[in-house]
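Novice: In my numbering, the protein residues as written are 3 to 183. All C-beta atoms in this analysis are idealised placements derived from N, C-alpha and C, irrespective of residue type, glycine included.
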């Protein structure tokens with residue numbers, strides 16, 4: 003993360019461009035002529051593209067940001083990059099404003115234990131890293147404080163982990179309920 007935040011960055015030159023293999027890749031603008039720009043990609047290739055084909059890149063300080071609503075440039079490439087970098091660091095939960103985005107790791111992670119549950123109990127969302135338990139705790143506290151029903155919407159494609167995440171929400175409620183007697 004330190005390397006990413008200290009690398010040379012120029013918001014007028016650093017952009018994202020479409021890449022057939024990776025979706026988007028970083029590129030640096032070398033020259034501009036009319037409605038086209040010449041870039042050098044992070045793979046070392048030089049390309050000439052239309053100006054409007056590039057997407058603005060966020061400064062390095064936003065690398066692996068916990069809430070994508072804080073990004074300066076909220077475009078497809080920046081969202082994908084942030085989610086990808088967090089996923090590669092096994093940070094599968096990321097906020098996007100009021101929503102919590104989850105990327106299924108397709109393996110069990112040790113982040114659902116009773117001790118992790120206790121860490122999220124009674125905490126504000128910005129006090130802890132993004133997690134399903136943070137969302138669950140907020141719903142639980144709102145239910146207790148406001149005496150009103152709460153809803154959680156868990157969506158995704160087939161195999162995305164909806165059932166597993168629903169089980170984790172129920173498990174969280176059971177652990178919190180048991181600890182409060």
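Is it right to say residue 172 is buried, meaning 16 or more other beta carbons lie within 10 angstroms of its own, or is it exposed?
Specialist: Along the chain shown, one-based indexing puts residue 172 at 170. By the neighbour-count definition (other C-beta atoms within 10 Å, threshold 16), residue 172 is an exposed residue.
Novice: Between which residues of its own chain and residue 59 is the CB-CB distance below 6 angstroms, once the five residues before and five after are set aside?
Specialist: Locating residue 59 in the chain shown gives position 57, where the first residue counts as 1. Result list for residue 59: 16, 17 and 18, in chain order.
Novice: So, with DSSP's three-state summary, where would you put residue 14?
Specialist: Taking the first residue of the chain shown as position 1, residue 14 is located at position 12. Reduced to three states, the DSSP call for residue 14 is coil.
Novice: Hey, which unbroken runs of the alpha helix (DSSP H) at 4 residues or more fall wholly within the stretch 64-124?
Specialist: 78-90 and 116-122
Novice: DSSP on residue 45, reduced to helix/strand/coil?
Specialist: Working through the chain shown from its first residue, we reach residue 45 at position 43. Here residue 45 sits in coil by DSSP.
Novice: Looking at C-beta atoms only, is the number of pairs between the stretch 46-53 and the stretch 66-80 that lie closer than 8 angstroms three or more?
Specialist: no
Novice: Using the Cα positions of residue 30 and residue 95, report the straight-line distance between them to the nearest angstrom.
Specialist: Reading the chain shown from its first residue, position 28 is the one you call residue 30. Reading the chain shown from its first residue, position 93 is the one you call residue 95. In a straight line, the C-alpha of residue 30 is about 30 angstroms away from that of residue 95.
Novice: Count the other CB atoms within 10 Å of the CB of residue 149; is the residue buried (16 or more) or exposed (fewer)?
Specialist: In the chain shown, the residue the question calls residue 149 occupies position 147. Note on residue 149: under 16 other CB atoms within 10 angstroms of its CB, so exposed under the neighbour-count rule.
Novice: Considering only DSSP beta bridges, list what residue 19 is partnered with.
Specialist: Here residue 19 refers to the residue found at position 17 when the chain shown is read from its first residue. DSSP, once it has assigned bridges, lists 27 as partnering residue 19.
Novice: Taking the C-alpha atoms as reference points, what is the distance between residue 10 and residue 33?
Specialist: Mapped onto the chain shown, residue 10 falls at position 8. Mapped onto the chain shown, residue 33 falls at position 31. Distance between the alpha carbons of residue 10 and residue 33 is about 18 angstroms.
Novice: Taking buried to mean at least 16 other C-beta atoms within 10 Å of its own C-beta, is residue 177 buried or exposed?
Specialist: In the chain shown, counting from the first residue as 1, residue 177 sits at position 175. With 16 or more Cβ atoms within 10 Å of its Cβ, residue 177 is classed as buried.
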